[in-house]
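Asks: If you count the first sequence from 1, you need to add 3 to reach our numbering.
Backbone N, C-alpha and C fix where the C-beta goes; we use that ideal spot for every residue, glycine too.
The structure under discussion is supplied below as structure tokens; questions concerning it will follow.
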Amino acid sequence: MLMEVDRCGSCWTREEEKAFENGLAAYPEEDCSDRWMKIAAVVPGKSVEEVKEHYELLVEDVHGIEAGRVPLPHYPSSSSDGGDRGGRASPAERERRKGIAWTEDEHRLFLLGLTKYGKGDWRSISRNFVVSRTPTQVASHAQKYFIRLNSMNKERRRTSIHDITSAGTSGDGSNPQGLTGGQVTGKKPTKPFSQPSSSGPSGVDNSYGYL
DNA sequence: TTTGGGGATATTA
DNA sequence: TAATATCCCCAAA
4 MLMEVDRCGS CWTREEEKAF ENGLAAYPEE DCSDRWMKIA AVVPGKSVEE
54 VKEHYELLVE DVHGIEAGRV PLPHYPSSSS DGGDRGGRAS PAERERRKGI
104 AWTEDEHRLF LLGLTKYGKG DWRSISRNFV VSRTPTQVAS HAQKYFIRLN
154 SMNKERRRTS IHDITSAGTS GDGSNPQGLT GGQVTGKKPT KPFSQPSSSG
204 PSGVDNSYGY L
């Protein structure tokens, strides 16, 4: 039995995209076009041209995102942010923020930044790509991302944002994905956060006062 | 209820 | 400073 791989240039399965990503990360920018050969080598069923095209499409997409304004919550140019917000001057308090979930856009930007600058330069990635996140946040995200990458083939129970690699351009709602059961690219209903409130009669309100 | 995804924070190199 | 370890929260199984 032979399983013929569909050789559509438009059909990129999750595995293919994953391999594509790994290739991008594994082979940083080089001067020669050998890069695409190397990357295509790790992407089964894809030719060099297809890989190159896919990359260019990805670049365009992200470029559009950057130009088209990413949902950035008004990043205060915290350059030389002297002093913290009035009130919380004791980090020793038992207060752990909840955190803002990463969006697909942010994640894609992160992936591209990772591709261009390589791992480690969270500073540059944060400055040039994921402008809405601090280097620390990018590093934390990257940590989880790589951890998942390492043990993804094991039985994963839940889906995560790291499962998405590059699909669904802004504006397009098609999800041509026939992956092996379970995707996260399903739409985000509306708000990234769901606070059903009623956390307690004592009013354990969300500690959202650090932005 | 248990599990573990997910982000922040703490600690270390 | 970045890399790693740990903590806490919360939703899915």
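1. On the CB-based measure, 16 or more other CB atoms within 10 Å of its CB, does LYS49 come out buried or exposed?
2. Can you name, in chain order, every residue of its own chain whose Cβ lies under 8 Å from the Cβ of VAL46, other than the five neighbours on each side?
3. Look at the alpha carbon of VAL141 and the alpha carbon of HIS66, and state the distance between them as a whole number of angstroms.
4. With distances taken from CA atoms, which of TRP39, THR106 and ALA104 is nearest VAL51?
5. Alpha carbon to alpha carbon, how far is LEU114 from ASP64?
6. By the three-class DSSP mapping on this structure, what secondary structure does ARG126 have?
7. From VAL62 to LYS101, what does the alpha carbon distance come to, in whole angstroms?
8. Taking C-alpha atoms, which residue in GLY116, ASP37, GLY123 and TYR148 lies nearest to VAL134?
Replies: Inspection of the coordinates gives the following:
1. Locating residue 49 in the first sequence gives position 46, where the first residue counts as 1. When all chains shown are included, LYS49 counts as buried.
2. Your numbering for residue 46 matches position 43 in the first sequence. Hits under 8 Å: GLU19, ALA22, PHE23, GLY26 and VAL54.
3. Looking up residue 141 in the first sequence gives position 138. Looking up residue 66 in the first sequence gives position 63. The straight-line gap from Cα to Cα measures roughly 19 Å.
4. Position 48 of the first sequence, counted from the start, is the residue given in the question as residue 51. For VAL51, the nearest C-alpha among the options comes from TRP39.
5. As a position in the first sequence, residue 114 is number 111, starting the count at 1. As a position in the first sequence, residue 64 is number 61, starting the count at 1. Taking the straight line from one Cα to the other gives about 13 Å.
6. Counted from its first residue, the first sequence places residue 126 at position 123. If DSSP states are grouped into helix, strand and coil, ARG126 belongs with the helices.
7. If you number the first sequence from 1, residue 62 lands on position 59. If you number the first sequence from 1, residue 101 lands on position 98. For VAL62 and LYS101, the distance between alpha carbons rounds to 32 Å.
8. By 1-based counting over the first sequence, the position of residue 134 is 131. With distances taken between Cα atoms, VAL134 lies closest to GLY116.
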